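Asks: One structure, pasted below without further comment.
2 protein chains.
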Amino acid sequence: MAHNHDEKLKIAAANMPNDRVLFELSDLFKVFGDTTRMKILFSLFEGELCVCAIAELLKMEQSAVSHQLKILKNANLVSFRREGKTNCYFLADEHVKSIIAQGLVHIEEEI
Amino acid sequence: MAHNHDEKLKIAAANMPNDRVLFELSDLFKVFGDTTRMKILFSLFEGELCVCAIAELLKMEQSAVSHQLKILKNANLVSFRREGKTNCYFLADEHVKSIIAQGLVHIEEEI
DNA sequence: TTATCATATGAATATACATTCATATATTTG
DNA sequence: CAAATATATGAATGTATATTCATATGATAA
């Protein structure tokens, strides 16, 4: 036990969210932390798209896109509706854009 | 080439950010996507802390904390100042809180 | 029903990464 | 200077995960 910082530690500890919140928060951001998923989200900014359209746009295999869409769906970032043989995916709500917008502000401020 | 979705694809493609932005964005969110780093960020919400204080608070090895602080520093989420033998880390700017706040809004809205 | 199209999914693989361990660096104190 | 303290860092390891491949499911059309 080296130098003392009990006061500051108490304050920091008192303001630390519980584990559930910490896990859910980092799990949420983890979903944004992948280029493929980020591309998928941006592709849905202007409206819904079916899986094969996304795959064509990103030049990726349909399977890979489906796997990532599942992750996005589990995180409540996208939803979909069935239309005949296709599944049309769309952004689940406006938070998605808000969160990305905050990220954009940050990266655009680096000199 | 199955059914047609050229119109929607054009719109989506036109609004897709360039690769640099996509990479920087997902790289930024990736940094938030880890429980340890999230804890470190929250521990700095009320003010600066030295490395050993963070390690003590999180009950983690100093080395692990240092490694994660480096990642946070590279992402411009934290800065530090030298004070004698210790390094005092603090949040780099208010974006950090804004981004986390947006994430909190999202996870708290799940029913 | 059979064939086709659109999507989902399990298993396998390759890569990314968080933590640990050992050690290096830097500052202060004796 | 040597010893102690605070931190940083490279290498190794184990785990998480993105993609691919093969295949299953589900809907429509012939």
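Chains as they are written, first to last, in numbering that gives the first Met the number 0: chain X, 0 to 110; chain R, 0 to 110.
Using N, Cα and C, we set each Cβ at its ideal position, and we do this for glycine too.
Since we're looking at a predicted model, the values are computed, not measured.
Helix, strand or coil for residue 73/X? Go by DSSP, reduced to three states.
Replies: Helix at residue 73/X.
Asks: Return the Cβ separation of residue 45/X and residue 17/R in integer angstroms, given the expectation that the two are a contact with Cβ distance under 8 Å.
Replies: Between residue 17/R and residue 45/X the Cβ distance is about 17 Å, and since that is not below 8 Å, they are no contact.
Asks: Just the Cα atoms here: how many angstroms apart are residue 61/X and residue 62/R?
Replies: Distance between the alpha carbons of residue 61/X and residue 62/R: 41 Å.
Asks: Taking DSSP as the reference, what is the three-state secondary structure of residue 98/R?
Replies: In the structure shown, residue 98/R sits in a helix (DSSP, three-state: H, G or I).
Asks: Between residue 88/R and residue 76/X, what straight-line distance do the alpha-carbon atoms span, to the nearest angstrom?
Replies: Between residue 88/R and residue 76/X, the C-alpha separation is close to 33 Å.
Asks: Determine contact between the stretch 27-35 of chain X and the stretch 19-34 of chain R, defined as no fewer than three beta-carbon pairs at a distance below 8 Å.
Replies: Because the criterion of three Cβ pairs below 8 Å is met, the stretch 27-35 of chain X and the stretch 19-34 of chain R touch.
Asks: Three or more C-beta pairs closer than 8 Å, one from the stretch 68-83 of chain R and one from the stretch 64-84 of chain X: is that the case here?
Replies: With a cut-off of 8 Å, the stretch 64-84 of chain X and the stretch 68-83 of chain R do not count as touching, because too few Cβ pairs lie within range.
Asks: Can you give the beta carbon distance from residue 9/X to residue 52/R, rounded, assuming they're within the 8 Å contact cut?
Replies: Contact flag wrong, Cβ pair sits at about 11 Å.
Asks: Please list the residues of the stretch 42-76 of chain X that have a C-beta atom closer than 7 Å to any C-beta atom in chain R, keeping them in chain order.
Replies: Within the stretch 42-76 of chain X, the residues whose Cβ lies closer than 7 Å to some Cβ of chain R are 42, 44, 45, 46, 48, 49, 51, 52, 55, 56, 75, listed in chain order.
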